[in-house]
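**Q** In this note's numbering, the protein residues as written are 1061 to 1259. Just so it is clear, CB atoms sit at the ideal spot from N, CA and C, and this is done for glycine as well. Let me give you the structure first, and then I'll get to my questions.
Written as structure tokens, this is what we have:
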């Protein structure tokens, strides 16, 4: 019934022409229900996510920012922002939330079929006389399924043991997250981070 597989599942390779995000490489993935904008220039992170055309992710006013600059001026938020591998949060001598987000991803393979999408990326975190850590990122979407699967495998390809830290900064936004939103689950306990959060 289809003349081209892209009617069911599609991957489009894009390049940003926005002034602040000029030249960033992006992949637009669509499985008929979910649309993901994957930023290859920044760790293969999921910049934006839509469910049946409705936005799920939170984006800061910075938007896509190509240049590595002050964190507060360049942090885009987005659906999944990878933090690490050298630092999480504010660590003296390190970029806030680490450097891995600012490392480009190499596409090892991409597959679009009538049954779904498979994407495999490789992100290297290296330093002269330092470590060589490689993050292999897999993204899988089944056709027509309102779920995506992200799996990371971190491999030490260096010659010595290496320390690392890893955090996934997931940012939900309007209209998915609104004043009528409810979070439910088998929660044993919760602890607010700040007095404002408690309020």
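#1: Within the same chain, show all residues whose beta-carbon is closer than 7 Å to that of residue 1205, passing over the 5 residues directly before and after it, in chain order.
#2: When you compare only the Cα positions, how much space is there between residue 1210 and residue 1141?
#3: Decide if the region 1111 to 1123 is in contact with the region 1186 to 1204; the criterion is three or more beta carbon pairs, one per stretch, under 8 Å apart.
#4: Does DSSP classify residue 1065 as helix, strand or coil?
#5: Please give me, in chain order, every unbroken run of the beta strand (DSSP E) with length at least 3 that falls completely inside the region 1166 to 1196.
#6: Comparing the C-beta of residue 1204 with each C-beta of chain D, is any distance below 7 Å?
#7: List the DSSP bridge partners of residue 1103.
**A** If we stick to the structure as given:
#1: 1091 and 1093
#2: 12 Å
#3: no
#4: helix
#5: 1166 to 1173 and 1176 to 1186
#6: The chain inventory of the structure shown lacks chain D, comprising one protein chain alone.
#7: Beta-bridge pairing links residue 1103 to no other residue.
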